[in-house]
Each structure stands twice: as C-alpha cells, then as structure tokens.
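Visitor: Got a structure here, written out as structure tokens. Questions coming.
Number of protein chains: 2
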Amino acid sequence: MPKQSAAAMAHPNIAFIKYWGNRDRELRIPANSSLSMNLEGLETKTLVRFDSELAQDEFILNEEPASHEAAGRVTAFLDVVRGMANLPERASVASKNNFPSGAGVASSASAFAALALAASRAAGLVLDTNALSRLARRGSGSASRSVPDGFVEWHAGENDADSYAESVAPADHWALRDCIVVVSEAHKAIGSSEGHDLADSSPFQEARIAGAQERLENCRRAIVERDFATLADVVELDSLMMHSVMMSSMPALFYWEPATLGVLKAVRAWRADGLEACATVDAGPNVHVICPEAQASEIVEQLTRLPGVLRVLESSVGGGAKWLEL
Amino acid sequence: MPKQSAAAMAHPNIAFIKYWGNRDRELRIPANSSLSMNLEGLETKTLVRFDSELAQDEFILNEEPASHEAAGRVTAFLDVVRGMANLPERASVASKNNFPSGAGVASSASAFAALALAASRAAGLVLDTNALSRLARRGSGSASRSVPDGFVEWHAGENDADSYAESVAPADHWALRDCIVVVSEAHKAIGSSEGHDLADSSPFQEARIAGAQERLENCRRAIVERDFATLADVVELDSLMMHSVMMSSMPALFYWEPATLGVLKAVRAWRADGLEACATVDAGPNVHVICPEAQASEIVEQLTRLPGVLRVLESSVGGGAKWLEL
Chain A
160 MPKQSAAAMA
170 HPNIAFIKYW
180 GNRDRELRIP
190 ANSSLSMNLE
200 GLETKTLVRF
210 DSELAQDEFI
220 LNEEPASHEA
230 AGRVTAFLDV
240 VRGMANLPER
250 ASVASKNNFP
260 SGAGVASSAS
270 AFAALALAAS
280 RAAGLVLDTN
290 ALSRLARRGS
300 GSASRSVPDG
310 FVEWHAGEND
320 ADSYAESVAP
330 ADHWALRDCI
340 VVVSEAHKAI
350 GSSEGHDLAD
360 SSPFQEARIA
370 GAQERLENCR
380 RAIVERDFAT
390 LADVVELDSL
400 MMHSVMMSSM
410 PALFYWEPAT
420 LGVLKAVRAW
430 RADGLEACAT
440 VDAGPNVHVI
450 CPEAQASEIV
460 EQLTRLPGVL
470 RVLESSVGGG
480 AKWLEL
Chain B
160 MPKQSAAAMA
170 HPNIAFIKYW
180 GNRDRELRIP
190 ANSSLSMNLE
200 GLETKTLVRF
210 DSELAQDEFI
220 LNEEPASHEA
230 AGRVTAFLDV
240 VRGMANLPER
250 ASVASKNNFP
260 SGAGVASSAS
270 AFAALALAAS
280 RAAGLVLDTN
290 ALSRLARRGS
300 GSASRSVPDG
310 FVEWHAGEND
320 ADSYAESVAP
330 ADHWALRDCI
340 VVVSEAHKAI
350 GSSEGHDLAD
360 SSPFQEARIA
370 GAQERLENCR
380 RAIVERDFAT
390 LADVVELDSL
400 MMHSVMMSSM
410 PALFYWEPAT
420 LGVLKAVRAW
430 RADGLEACAT
440 VDAGPNVHVI
450 CPEAQASEIV
460 EQLTRLPGVL
470 RVLESSVGGG
480 AKWLEL
C-alpha cells in the first residue's frame, strides 16, 4: 500500500564544472560530467499527494497556480514516477521556494530534486540516493546534483542507469561561500532547456566537451585538497568556456550583461591582488563569487560597490535533499 | 644608386576575419588567413632617409622621439630592408598619424605598411604590391593587409614567400562604413604581439583555426556579392571566437570592457529589428560597427547614446598604401 503523501526539501546548486548540452535530450543524459556545490539557506519545499479523486495533476507554485508550461513539465515528471510505481492516480503538488526568482539562482534544480524525493515516496517507491538523483535528472539535469550532500559530481554516463550524481565531499568538508551577485532580475529570454539544444551548433562545443573530464578532475582534486588557487583557475575557465559556446552558437546566446563582465573583471583583479575569490556564471546574467568563509565579508562589501550590482546574497555549502515530516 | 629618401602613406584596417596566433613568430606567418577593410581618412605618413652620417637609426613619432621599445621595433624592421638592399646605412624615420592613439584604432598596421613603402624605396629596392605586403608583415602582421587596396585578404601561407595580402575588391566596390565606438582610451595592458603568443594556450584556438578558412570564404563571398546579412553573421562570429580564445588563454586576456559588451548587445538587438549593422572588436575594448553608408548616420546617433560610449568616429573604405612625393 503506497504512502499517498510525502514532502521534501532540496537546495539549489552552483556548478563549478558546467553542464551544457545533452547527449540524449529526452533522458537528459549530458554531454559531459559536471560538479557543483549545494547552496545552504536557499530551499525548495515540496508536498506531493496522490489522490484517486483527481481528474488531473494540480501544481501550486509559491502559493499560486503554476503556469501551463510549468504544470506540463511537472506532469511529465510525475508520469515517470507513475510509470515506475505502476500508479494511475493524479497528484496534487505544492512547491515553495524561500528565494525569489530574481535572486540569481535558478530554481529548477532544487524544485526537481525536492519533487523526486516527495513524489517517489508518496508513490510508495523506495529509492536510494543514486536512484533519486537519476529520477531528479529526468525533470532537470542539474537537479540530479541537488540530491546528494555538499560537493557533488554528476557522472554523465551513457544511459538512464549510469547518469547520476554523488557526493565527492560532504557539506562540512570546506567552508566556502557563494556570494551571489544580482545584476539583473529580468527573466532570461532563452531558458536552459532550449539553450542545451543549441550547444552543438557552436564551433567550440566539441573542444569544451573534450577537456571537461580533465577540468572536472582538477576541480574535484582542488575540493578534496581544499586548494583554492587551483579551484579558482578551473572554475573561471570552465564558466568562460560555457559562455563562449553560448555566444558562438547559432543563434548566439548572450547571457552576460555589461555589469556581469564588470564583476568578472573585478574579481580577477582582486585575485591578482591576493584575495581568494573566483567567479562563475550560469545561464543568466548574475555572478556567483566563490570564496573561503574568512574572506566573504570583505568580498561582499566590495561587490556591493561595483557598478550595476543590485544586491549580493550569501550562501554556504548545503547538504543533500531530504524528506520532511508531514 | 639608391634613392636615399622616400615617403609613403597607409591606412589602418579593421579585420572582418581576425588574425590571432602565429605559425612562425619571427616571420609573422599567421595561424590562419584573415580579411579586412582599409579605413579611409585615418592615415600614417612616414618619411625615411638613409644617411651614412648617422651612427644609429632615429625614429621620430608624432613629432617626438619614440619610446625605446618602438625604436627597437623600427630598427629590427629596417634591418630587414638593409639586408634585402645590402645597405649598411642607418636611417632617420619620421612618422605621423592623423588619428590619436585613443581613437580605437591600432596604428601598427598603417605604420608598418607606410614604413615598408618608404624604407624600401629609400633603400633603392623596387618591390611590387605582394613583396611590399610581405615586407610590411615583418613589422606587424596586420600591416600586410594595409598595403593592397580596399577589401584585403591576407593569405596565411607557410613561409615568408607565400604569406602576403591582396585585394579581393577595390575600395569603391561597396560603400560600407566603420563606426568606431570608443569606450576607453586606456592603453591596452597586453599588446597584440604578446597576445599572439598566448593563442595556442587556449583550448579553443584549434577549433577557431579549423573553421577560419570557411569563415573567410563566406566573408569574401559576402563582400563580392555585397550580401550584408551573411557578412554580419560571419563577422560577429569570427570576432566572438577570437575573444573566446583570448578569454580562455592562460593567462586569460579580457579585452572587453562592460561598455564593449553593451555595444555588442545593442547592435545585435538593432539588427534583429531590421537595421543593417554588425560589430567586431580587435585586441582592445573599442567596437567597430560596420554598416552600409545609408544607415551610418542613424547608427552613429544611436551608438552615441549608449552607456559608456565616449565618442564615435566614422570611416569609409580606404585605398592601399601609396608613395608620397617629397
């Protein structure tokens, strides 16, 4: 007899080695492995209830009925869960983020990680972390990385069975901070899902993929050894390479704003002056400045003074997704 | 008996297909062929006089003694000419640009093109356009393109004999304008010569080179057929690819300023709205906006209003380098 209701929480994550482009669009098998850090303090909480009385799925997002597009994506995900559990019932899903959509952090990773935990348990499935990560991946690739704890590597794999994320170090391994620099609150013109499809149109994607595993191994080693200088170089290079692919794809995707570049250049200059900080940018204009805890307050203060910076949000290393008591 | 004095004039040029990285550093044999447009109205004029009384070369730049570095580069170039002419005499060189160094245009191309014409004639050499272009290349790679007329292709070649530029269309073939958008007058931190040496350290240089010939052929065809839409796409892609190589080289070279990116994005938006304009950036922060003559005044007016734009200079298609009467 399935438990009909369950709730879960997950953090978003910031990728140090980026995911851009799929080998299999439908299953979201990525073109390369990626590596990220979960973001403490930022949370999506999701409640799922399967109910035989429902004629269709219902999706309430931040206390309002979700858009048609968002609801469709949730239903497609629930179909995967129903298929696994052999369950015909429709579900009611209520999800809430404690961070605004203009906070500089995409919510799809935490959303589908929390949904994977809540929906699978509500459907009566008993899944381990690997299986939950694989399931979350079906909703949003980066969601696979929000399932395990702390610093997380998503093994690209080649099929649904071997494409999952696992922790490379727990949240308390290294006290890093992510200073999230918001330079724009505008909704991105081209979402990541569409963007992934354009990756192969760039003359640089092949070279980006070819070197991704080496960059990931350097990054993983830098994390394990708490080697900030190595981390900084590889994080900035990998981010720059993704944006080069984006800007040279057809059509070209320019996610950077002028203020984005200003922050990137400032962080490089500060690092040249001895400050431990590096910058990375996802598929949007906002900048994530990574630094050791000890330097965070100085860096946040300096970031706040840069032209075009609306605000800076601070986050530390977060744990994995978890179920919540009802 | 050599003519002991000669003078010449050359225009700078803006590359549509960029030169970045050398196959042979000493001879300046480039990693890929490139294509440019000479810039009318901007001129370097140079007078060379070989004189047996001189104990060493003298170089007056813009009516002042040149820096030690600039003088050394001129002497190295004159050594090539002396070697060709079997001439032992030192020379006095006076060169003048009618555009300031903060105008958004590098002067090395026009400088070495004018110097190649003046010095070779003063040394008694009789060189055709190909040979002059090859000689100019020894001073600065892009100077090879300032020797022929109008729209110019520099064949990369493999050695000193086959690496030269020639005109693909005369200056009056297509009434394009270059609206030179100055966003910074600061001297660039890393000059092009040093930058070329870093090109191979980028994981993207190989892909940039691999596609360069195809881009060049598309660009050449667009010029021959006066096909602005094709020109715009390939010019922007090629510029973006060079800057991706720069930003991903080790150490990374960030020539763009925030205002550079603002101009690039504005031009893309205007083009999406039907305006014929495209943008390209050399190894510096300023933006060259290329457009048909008919749209230039509207574009200059709009450019002037963008944040961070100091001024906009307009140039049309220039002829080749030529000797001046003394």
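If you read the sequences in order, they're chains A and B.
Reminder that position 217 of the first sequence reads as 376 in the working numbering, one-by-one numbering, no gaps.
Reminder that position 58 of the second sequence reads as 217 in the working numbering, one-by-one numbering, no gaps.
Note that beta-carbon positions come from the ideal geometry of N, C-alpha and C, so glycine has one too.
Computed from a predicted structure; not experimentally measured.
Is it buried or exposed for H447/B, if we count other Cβ within 10 angstroms and need 16 for buried?
Guide: The residue given as residue 447/B occupies position 288 in the second sequence. H447/B should be labelled buried.
Visitor: Which residues in chain A have a C-beta closer than 9 Å to the C-beta of G370/B? List them in chain order.
Guide: Residue 370/B sits at position 211 when you count from the first residue of the second sequence. Simply P362.
Visitor: Are the C-beta atoms of L420/A and some chain B residue less than 7 Å apart?
Guide: Reading the first sequence from its first residue, position 261 is the one you call residue 420/A. So yes, L420/A belongs to the interface.
Visitor: 7 Å is my cut-off, CB to CB: does M406/A come that close to chain B?
Guide: As a position in the first sequence, residue 406/A is number 247, starting the count at 1. At least one chain B Cβ lies under 7 Å of M406/A.
Visitor: Tell me the rounded alpha-carbon separation between G350/B and I188/A.
Guide: Position 191 of the second sequence holds residue 350/B. Position 29 of the first sequence holds residue 188/A. Approximately 43 Å between the Cα atoms of the pair.
Visitor: Evaluate contact between the stretch 387-394 of chain A and the stretch 391-401 of chain B, counting only Cβ atoms and requiring at least three cross-stretch pairs below 8 Å.
Guide: Remark: fewer than three beta-carbon pairs, one from each stretch, lie closer than 8 Å, so the stretch 387-394 of chain A and the stretch 391-401 of chain B are not flagged as touching.
Visitor: For V207/B and A278/B, which I take to be in contact (beta-carbon distance under 8 Å), what is that distance rounded to the nearest angstrom?
Guide: Here the question's residue 207/B lines up with position 48 in the second sequence. Here the question's residue 278/B lines up with position 119 in the second sequence. Correct: roughly 5 Å between the Cβ atoms.
Visitor: Tell me Y323/B's beta-bridge partners as DSSP assigns them.
Guide: As a working note, residue 323/B is residue 164 in the second sequence. According to DSSP, which records beta bridges pairwise, Y323/B is partnered with H314/B.
Visitor: Determine the DSSP secondary structure at R232/B, reduced to helix, strand or coil.
Guide: Against the second sequence, residue 232/B aligns to sequence position 73. Correct three-state label for R232/B: helix.
Visitor: What does P417/A touch in chain B if you count any residue whose Cβ is under 7 Å from its own?
Guide: Here residue 417/A is taken as the residue at index 258 of the first sequence, counted from 1. Those within 7 Å of P417/A in chain B are P417, A418, L420, G421.
Visitor: Given a limit of 7 Å on CB to CB distance, which residues of the stretch 387-399 of chain A reach chain B?
Guide: L396, L399
Visitor: I'd like the list of long-range same chain contacts for L246/A, defined as Cβ closer than 6 Å, with 5 residues on each side in sequence excluded.
Guide: Along the first sequence, one-based indexing puts residue 246/A at 87. Contacts found: A282.
Visitor: Just to confirm, is the Cβ distance from S352/B to M409/B under 7 Å?
Guide: In the second sequence, counting from the first residue as 1, residue 352/B sits at position 193. In the second sequence, counting from the first residue as 1, residue 409/B sits at position 250. Contact flag unset, no.
Visitor: Enumerate in chain order the residues of its own chain whose CB-to-CB distance from A381/B is below 7 Å, with the five nearest sequence positions on each side excluded.
Guide: As a first step, residue 381/B must be located in the second sequence, where it is residue number 222. Around A381/B: T389, L390, V393.
Visitor: If I measure Cβ to Cβ from P362/B and keep anything under 7 Å in the same chain, skipping five residues before and after, which residues do I get?
Guide: The residue you call residue 362/B lines up with position 203 of the second sequence. S407.
Visitor: Quick check: the Cα distance between N191/B and S403/B, rounded to an integer number of angstroms?
Guide: As a working note, residue 191/B is residue 32 in the second sequence. As a working note, residue 403/B is residue 244 in the second sequence. Between the alpha carbons of N191/B and S403/B lies a distance of about 16 Å.
Visitor: If you follow the beta strand (DSSP E) that L220/B is part of, which residue opens it and which one closes it?
Guide: Working through the second sequence from its first residue, we reach residue 220/B at position 61. Run containing L220/B: 217-220, per the beta strand (DSSP E) assignment.
Visitor: Taking C-alpha atoms, which residue in R249/A, N181/A, S193/A lies nearest to L213/A?
Guide: Taking the first residue of the first sequence as 1, we reach residue 213/A at position 54. The candidate whose alpha carbon is nearest that of L213/A is R249/A.
Visitor: Quick check: the Cα distance between L483/A and R470/B, rounded to an integer number of angstroms?
Guide: For the purposes of this step, residue 483/A is identified with residue 324 of the first sequence, where counting begins at 1. For the purposes of this step, residue 470/B is identified with residue 311 of the second sequence, where counting begins at 1. Each residue's alpha carbon lies about 59 Å from the other.
Visitor: Kindly provide the ranges of any beta strand (DSSP E) runs that are 3 or more residues long and lie completely inside the stretch 285-314 of chain B, ordered along the chain.
Guide: 310-314
Visitor: Measuring CA to CA, which of K424/B, E185/B, D386/B is closest to E416/A?
Guide: Working through the first sequence from its first residue, we reach residue 416/A at position 257. Minimum Cα distance to E416/A is reached at K424/B.
Visitor: Identify the contact partners of A366/B in chain A, using a Cβ-Cβ distance below 7 Å as the criterion.
Guide: Along the second sequence, read from residue 1 onward, the residue named residue 366/B stands at position 207. Within 7 Å Cβ-Cβ: P362, F363, E365, A366.
Visitor: Taking only beta-carbon atoms, is K486/B less than 7 Å away from chain A?
Guide: Missing from the structure shown is residue 486/B; chain B here goes from 160 to 485 and no further.
Visitor: In this structure, does DSSP put N377/B in helix, strand or coil?
Guide: Counting from one through the second sequence, the residue named residue 377/B turns up at place 218. N377/B: helix per DSSP, three-state reduction.
Visitor: So, at 6 Å on beta carbons, what are the nonlocal neighbours of P161/B in its own chain, with the 5 sequence-adjacent residues on each side left out?
Guide: Residue mapping note: residue 161/B aligns to position 2 of the second sequence, counting from 1. Because the pLDDT at P161/B is just 49, under 50, the model does not fix this residue reliably, and the value given afterwards should be weighed accordingly. Same-chain partners within the cutoff: A282, G283.
Visitor: When you compare the CB positions of L113/A and L335/A, do they come within less than 7 Å of one another, or not?
Guide: Outside the modelled stretch of chain A, which goes from 160 to 485, sits residue 113/A, for which no answer is possible.
Visitor: Along chain A, which residues have their Cβ under 9 Å away from the Cβ of S403/B?
Guide: For the purposes of this step, residue 403/B is identified with residue 244 of the second sequence, where counting begins at 1. Per Cβ cutoff of 9 Å: F363, L399, M400, H402, S403, V404, M406, S407.
Visitor: Please go through the same chain and pick out, in chain order, the residues whose beta-carbon is closer than 8 Å to the beta-carbon of A455/B, but skip the five residues on each side of it.
Guide: Against the second sequence, residue 455/B aligns to sequence position 296. Result list for A455/B: R336, C338, E473, in chain order.
Visitor: Roughly how many whole angstroms lie between the Cα atoms of E231/A and G298/A?
Guide: Mapped onto the first sequence, residue 231/A falls at position 72. Mapped onto the first sequence, residue 298/A falls at position 139. It is worth fixing the name first, because residue 231/A is Gly in this sequence and not Glu. Their backbone Cα atoms lie some 11 Å apart in a straight line.
Visitor: In or out: E312/B buried (at least 16 other Cβ within 10 Å) or exposed?
Guide: Start at 1 with the first residue of the second sequence, and residue 312/B comes out as number 153. By the neighbour-count criterion, in which 16 or more other beta carbons inside 10 Å mark a residue as buried, E312/B falls on the buried side.
Visitor: Go through its chain and collect everything with a Cβ distance to D319/B's Cβ below 7 Å, but skip five positions before and after it.
Guide: Taking the first residue of the second sequence as position 1, residue 319/B is located at position 160. Correct list, in chain order: L186, R293.
Visitor: Tell me whether H355/B is buried or exposed, calling it buried when 16 or more other Cβ atoms sit within 10 Å of its Cβ.
Guide: Here the question's residue 355/B lines up with position 196 in the second sequence. Buried.
Visitor: Quick one, which residues of the stretch 170-195 of chain B are near chain A if we go by CB-CB under 7 Å, in chain order?
Guide: Within the stretch 170-195 of chain B, no residue qualifies.
Visitor: By DSSP, does I349/A sit in helix, in strand, or in coil?
Guide: Here the question's residue 349/A lines up with position 190 in the first sequence. In this structure, I349/A counts as coil in the three-state DSSP scheme.
Visitor: Rounded to a whole number of angstroms, what is the C-alpha to C-alpha distance between L274/B and V440/A?
Guide: Counting from one through the second sequence, the residue named residue 274/B turns up at place 115. Counting from one through the first sequence, the residue named residue 440/A turns up at place 281. Straight-line spacing of the CA atoms in L274/B and V440/A works out to 46 Å.
Visitor: Among M400/B, S475/B, G443/B, which one has its Cα closest to the Cα of N197/B?
Guide: As a position in the second sequence, residue 197/B is number 38, starting the count at 1. When only C-alpha atoms are compared, the closest one is S475/B.
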